[in-house]
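Visitor: I'd like to ask some things about the structure below.
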Amino acid sequence: MTGSSEDVCVELVYDSDCPNVDQARANLRGALRALGLSMNWNEWRSDDPMIPEHARRRASPTILVNGRDVGGEEAIDGTASCRLYATRAGVSGAPDVETIVAAIRRHS
370 MTGSSEDVCV ELVYDSDCPN VDQARANLRG ALRALGLSMN WNEWRSDDPM
420 IPEHARRRAS PTILVNGRDV GGEEAIDGTA SCRLYATRAG VSGAPDVETI
470 VAAIRRHS
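First residue of the sequence shown? That's 370 in our numbering, and the numbers climb one at a time after it.
Right, dumping it as structure tokens:
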């Protein structure tokens, strides 16, 4: 997959105090680079009143591809929470590059 990311909408949803946001951004950059896509995505702070409905009630950090969570999780009820991902290297606070690449391929 090479070219632009016009046919795929990538979003990062996060809490402003989340310690894993920088790692999620770095892994997102790595995934887009691996796919030859432009480094364009939308970011939503979870407490932003303008956040779209599909991005609400997400644990932090969450990466969405065309509105679908890269880890397959649904929106949560209740207050903001931290997120953990199962990766090949073990449990992580951010999705790994491979998970993001697979989700972009699957949902675009």
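For every residue, glycine included, the Cβ atom is placed at its ideal position computed from N, Cα and C.
#1: Nearest by alpha-carbon distance to Ile445: which of Ile473, His476, Arg425 and Tyr454 is it?
#2: Distance check for Gly459 and Thr371, CA to CA, integer angstroms please.
#3: Per the DSSP calculation, Val434 is bridged to which residue(s)?
#4: Grouping DSSP H, G and I as helix and E and B as strand, with all else coil, what is Asn411?
#5: Applying the 10 Å Cβ sphere with the 16-neighbour rule, what's the burial state of Pro464?
#6: Inspect the beta-carbon positions of Gly462 and Pro388 and report whether they are closer than 8 Å.
#7: Taking C-alpha atoms, which residue in Glu443, His476, Arg398 and Ser450 lies nearest to Asp550?
#8: Indicate the three-state DSSP secondary structure (helix, strand or coil) for Gly399 in the structure shown.
#9: Suppose the cutoff is 8 Å on Cβ atoms and the five residues either side in sequence are ignored; what does the same chain contact list for Ser477 look like?
#10: Determine, using beta carbons only, whether Glu412 and Leu381 come nearer to each other than 8 Å.
Guide: By the coordinates alone:
#1: Out of Ile473, His476, Arg425 and Tyr454, Arg425 has the C-alpha closest to the C-alpha of Ile445.
#2: With a pLDDT of 42 at Thr371, under the threshold of 50, the modelled position of this residue cannot be trusted; read the value that follows with caution. Taking the straight line from one Cα to the other gives about 30 Å.
#3: According to DSSP, Val434 bridges with Val379 and Arg437.
#4: In the structure shown, Asn411 falls within a strand segment according to DSSP collapsed to helix, strand and coil.
#5: Classification of Pro464: buried, given that the 10 Å Cβ count is 16 or more.
#6: Judged by their CB atoms, Gly462 and Pro388 are nearer to each other than the 8 Å cut-off.
#7: Absent from the structure is residue 550, since the part of the chain shown begins at 370 and ends at 477.
#8: The answer is helix: DSSP assigns Gly399 an H, G or I state.
#9: Cβ neighbours of Ser477 beyond the five flanking positions: Met370, Asp376, Val377, Val434 and Asn435.
#10: Taking 8 Å as the Cβ cut-off, Glu412 and Leu381 qualify as a contacting pair.
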